[in-house]
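Position in the sequence shown (first residue = 1) + 20 = my numbering.
Structure first, commentary second.
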Amino acid sequence: MMRLSVPAFAKINWMLEVLGPRPDGYHEIRTVLQTIALADVLHVERTEGGIEVACAHPQVPAGSANLVFRAAERLRRTKGVKAGVRIQIEKHIPVAAGLGGGSSDAAVALLALMRLWEIALDPEELLDLGRELGADVPFFFVGGTALGIGRGDEVYPLPEVHADVLVLANPGFAISTSWAYGQLTKRGIPGNISVCARAWHRAVGVWPTVRRDEGGKEAVPLSEIVAGNDFEALVRERYPELTRGLDQLWACGALCVGLSGSGPTIFGVFESEREAKRAESAFAALGWWRARTRTVDRPEYRTRLMASLSGEASGP
21 MMRLSVPAFA KINWMLEVLG PRPDGYHEIR TVLQTIALAD VLHVERTEGG IEVACAHPQV
81 PAGSANLVFR AAERLRRTKG VKAGVRIQIE KHIPVAAGLG GGSSDAAVAL LALMRLWEIA
141 LDPEELLDLG RELGADVPFF FVGGTALGIG RGDEVYPLPE VHADVLVLAN PGFAISTSWA
201 YGQLTKRGIP GNISVCARAW HRAVGVWPTV RRDEGGKEAV PLSEIVAGND FEALVRERYP
261 ELTRGLDQLW ACGALCVGLS GSGPTIFGVF ESEREAKRAE SAFAALGWWR ARTRTVDRPE
321 YRTRLMASLS GEASGP
């Protein structure tokens, strides 16, 4: 197998709490992450040369500034691989949008390269490599609904949240994550969070009671899990158009709305396709990027990744 085409799914944050700065310069957070069906596609081909990463999207950097390039370079160096790779990123996830596109691309690139270069990493080795690349990368080795603690890089599977009709909207500008964290720190979030706080007990109190839907499937009520985002007030103050966007989602009948990451992408969960189409039309009139999608649970996530890593077609 010399060539693979692998989906790299986006994520949203059902909730995100910033607990305070850490001694290592990062921030302690607690978040619930969710994979969604919106996805980039990585076309990965083994070569006998070096590492080539290309993308037609003008905002995706080239060379060592690209997270996929760094992932390939680090894996190649760590394992002493002599073979090369050519990776074409087919971009569908907006850049710097709070949807984890770059991190997902990097995680999927590592999985594809392990296959094409015929090398193995044990799970902890893979997670450590992911953490070196970025805080969101380890989540994309898990997928579905998951708790992220520490920097967000300690990931624990949770009972799945299902949303079949989800609308994303983005006003078309980027928000710097470092700026957002800096502004929160200036506003007085707690300081000197101990590293010992990075433990499973941080999850206590986060997750609502799991119920069963009419079909007997475990389900978590959305009204209990979309519990806010500590960046929301900050970015709404700085970018009033986000307030208008969130209000638009409510006006179109959303069951719940939220901000993903530090933004600027916002999302709304809808009961019907009709309401979702109405929201899409409203954002089209505003000139915003928008997409209708759905959640992807862990079993589907793993099935689709494994199928594509085996060279099988993976549908939308």
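We treat Cβ as the ideally placed atom computed from N, Cα and C, and that holds for glycine.
query: What three-state label does DSSP hand Val88 in the structure shown?
result: Residue state, collapsed to three classes: helix.
Margin query: If I measure Cβ to Cβ from Gly248 and keep anything under 7 Å in the same chain, skipping five residues before and after, which residues do I get?
Written below: Only Met35 meet the Cβ criterion.
Ile193 - DSSP class collapsed to helix/strand/coil: One detail in the question is off: residue 193 reads as Phe in this sequence, not Ile. When DSSP states are grouped into helix, strand and coil, Phe193 belongs to the coil group.
**Request:** Might you give, ordered along the chain, the residues of its own chain that have their beta carbon closer than 6 Å to the beta carbon of Trp137, omitting 5 neighbours on each side?
**Result:** Setting aside the 5 residues that flank it on each side, Trp137 is surrounded in the same chain by Val101, Ala103, each with a C-beta closer than 6 Å to its C-beta; the list follows chain order.
**Asked** Which stretch, first to last residue, makes up the alpha helix (DSSP H) that contains Arg66?
**Response** Where Arg66 is concerned, there is no enclosing alpha helix (DSSP H), although the beta strand (DSSP E) it sits in stretches over 47 to 67.
- If you draw a straight line from the alpha carbon of Gly122 to that of Glu110, how long is it in whole angstroms? Taking the Cα positions, Gly122 is about 12 Å away from Glu110.
Practice item. Can you grab the Cα-Cα spacing for the pair Ala189 / Ala304, in whole Å? Key: Approximately 9 Å between the Cα atoms of the pair.
Any contact between the stretch 30 to 48 and the stretch 75 to 87? By contact I mean 3 or more CB pairs, one from each, below 8 Å. Fewer than three beta-carbon pairs drawn from the stretch 30 to 48 and the stretch 75 to 87 are found closer than 8 Å, and the two stretches are therefore not classed as touching.
> Hey, how far is the Cα of Glu68 from the Cα of Glu93?
Replying inline: Spanning the two alpha carbons is a distance of roughly 14 Å.
- Message: Quick check on this structure: which residue in Arg314, Ser328, Asp184 has the alpha carbon closest to the alpha carbon of Ala57?
- Response: Check the Cα spacing between Ala57 and each of Arg314, Ser328, Asp184: the tightest is with Arg314.
How would you write the range of the alpha helix (DSSP H) that Thr323 sits in, first residue to last?
-> Counting along the chain, the unbroken alpha helix (DSSP H) around Thr323 starts and ends at 318 to 329.
- Query: Hey, is Leu325's beta-carbon within less than 7 Å of any beta-carbon in chain D?
  - Reply: In summary, chain D is missing from the structure at hand, where a single protein chain is found.
Please state the DSSP three-state secondary structure of Arg135. Correct three-state label for Arg135: helix.
Note to self: Please return the same chain residues whose Cβ sits closer than 6 Å to the Cβ of Ala22, not counting the five positions on each side in sequence.
What the structure shows: The sequence as given places Met at residue 22; Ala does not occur at that position. Sequence-distant Cβ neighbours of Met22 in its own chain, meaning closer than 6 Å and more than five residues away, are Arg66.
Problem set entry | Alpha-carbon spacing of Pro43 relative to Ala85, whole angstroms | Approximately 26 Å, taken between the alpha carbons.
Q | Where Ala129 falls, given that 16 or more other Cβ within 10 Å makes a residue buried | A | A residue is called buried when at least 16 other Cβ atoms come within 10 angstroms of its Cβ; Ala129 meets this threshold and is buried.
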